[in-house]
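Just below is one structure, and these are the notes that go with it.
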Amino acid sequence: MRSLVIEDEPQIGAYVSRLLGQLHGVVDLVGSIADARQALDNFKYDLAIVDRMLPDGDALEVVTALSQSPDRPAIIMLTSKDAKEDVIDGLNGGADDYLGKPFEPQELIARVRAVLRRPRLLAPSVLSLGNVELHLGSNEVVVADRKILLRRREALILGALLMRRDRVITRAALIEEIYGFDDEIESNTLEAQVSRLRKKLAAFGGDVEIRSMRGIGYILRLATPR
21 MRSLVIEDEP
31 QIGAYVSRLL
41 GQLHGVVDLV
51 GSIADARQAL
61 DNFKYDLAIV
71 DRMLPDGDAL
81 EVVTALSQSP
91 DRPAIIMLTS
101 KDAKEDVIDG
111 LNGGADDYLG
121 KPFEPQELIA
131 RVRAVLRRPR
141 LLAPSVLSLG
151 NVELHLGSNE
161 VVVADRKILL
171 RRREALILGA
181 LLMRRDRVIT
191 RAALIEEIYG
201 FDDEIESNTL
211 EAQVSRLRKK
221 LAAFGGDVEI
231 RSMRGIGYIL
241 RLATPR
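Numbering of the sequence shown is given in the numbering used here, commencing with residue 21 and proceeding in unit increments.
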């Protein structure tokens with residue numbers, strides 16, 4: 021899952037981002053409408069948490085535009101602008117939910133889980149190929165009936181590969197899915213993480229292989245019997 025937090029108060033933005041980190045996905049944080057548009061032009065999001073009053077305007081316009089997109093994310097407005105009329109405007113403008121500040125962290129997470137359960141965003145809870153099963157929303161993978169706890173990035177890589185089993189995923193697309201747009205990524209970082217994941221799957225008897233397609237990307241498929 022990839023989430024976008026649109027919040028101009030750095031402390032609140034960082035706090036909301038940490039809360040969303042419990043859902044084991046990538047979280048991008050921006051503080052203006054202009055930066056939000058740039059992020060939305062570059063990435064597809066499953067969830068957007070949106071403050072209304074930003075330095076360059078009312079983010080309701082972003083919500084309205086997002087709600088009309090065919091692959092729109094779930095949208096929760098999180099704002100101190102929470103009079104009854106404001107809530108009505110936000111929901112009519114395309115938000116799935118509207119929560120005033122200050123807020124209880126448990127309530128925000130509960131509302132996030134609720135909007136993500138709606139049919140347009142339903143996804144399988146387990147992805148599998150051969151004797152490898154990844155439990156989405158956690159870093160736990162089962163390999164040949166043995167549980168392994170992966171690092172967060174390794175789990176995201178495996179999830180992206182399983183979603184495209186037997187198909188090539190480009191290096192650029194894989195980076196987009198597992199890193200935030202402002203992450204500093206060294207040239208060999210992805211390759212090192214894929215290599216660690218490959219070794220872990222093999223060490224526990226996984227019957228799948230991650231093949232590198234030189235100059236293109238990676239493909240996950242059942243290993244060829246020897």
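The beta carbon of each residue, even a glycine, is placed where N, CA and C say it ideally should be.
Option nearest residue i by Cα separation, candidates the options
i      : options                        : result
Lys101 : Tyr118, Ala85, Val50           : Tyr118
Gly150 : Leu74, Gly225, Ala130          : Gly225
Pro30  : Asp106, Leu49, Ile177          : Leu49
Phe63  : Thr244, Leu98, Leu210, Arg92   : Arg92
Gly45  : Met233, Met183, Ser158, Thr244 : Ser158
Pro125 : Val214, Asp165, Gly41, Glu196  : Gly41
Leu43  : Ala243, Ile177, Arg133, Ser148 : Arg133
Asp165 : Ile177, Gly179, Ser148         : Ser148
C-beta atoms of residue i and residue j nearer than 8 Å
i      : j      : result
Gly235 : Ile189 : no
Val70  : Ile129 : no
Ser37  : Tyr65  : no
Pro194 : Ala175 : First, the amino acid is wrong: residue 194 is Leu here, not Pro. Not a contact, by the Cβ cut-off of 8 Å.
Leu156 : Val146 : yes
Asp76  : Ala54  : yes
Val152 : Val228 : yes
Thr99  : Arg72  : yes
Ile95  : Arg131 : no
Arg191 : Leu210 : yes
Integer-rounded CB distance, given that residue j should sit under 8 Å from residue i
i      : j      : result
Met21  : Leu60  : Not quite, the Cβ-Cβ distance comes to about 16 Å (not below 8 Å), so this is no contact.
Leu181 : Leu136 : Contact doesn't hold; Cβ gap of about 22 Å is too wide.
Ile198 : Val214 : With 8 Å as the limit, Ile198 and Val214 do not qualify as a contact, their Cβ atoms being about 10 Å apart.
Leu74  : Asp109 : No, Leu74 and Asp109 are not in contact; Cβ-Cβ is about 16 Å, not under 8 Å.
DSSP three-state assignment for residue i, whether helix, strand or coil
i      : result
Tyr35  : helix
Leu24  : strand
Leu181 : helix
Ile198 : helix
Leu141 : For Leu141, the predicted structure reports a pLDDT of 43, less than 50, and the residue's modelled location is therefore unreliable. The matter cannot be settled from this model.
Gly41  : helix
Glu29  : coil
Ser87  : helix
Glu127 : helix
Ser232 : strand
Asp48  : strand
Report yes or no: do three or more beta-carbon pairs, one from the segment 215-224 and one from the segment 169-187, lie closer than 8 Å?
Touching, per the Cβ criterion.
Say whether the segment 73-86 touches the segment 104-121, bearing in mind that this needs 3 or more beta-carbon pairs closer than 8 Å, one atom from each stretch.
Touching, per the Cβ criterion.
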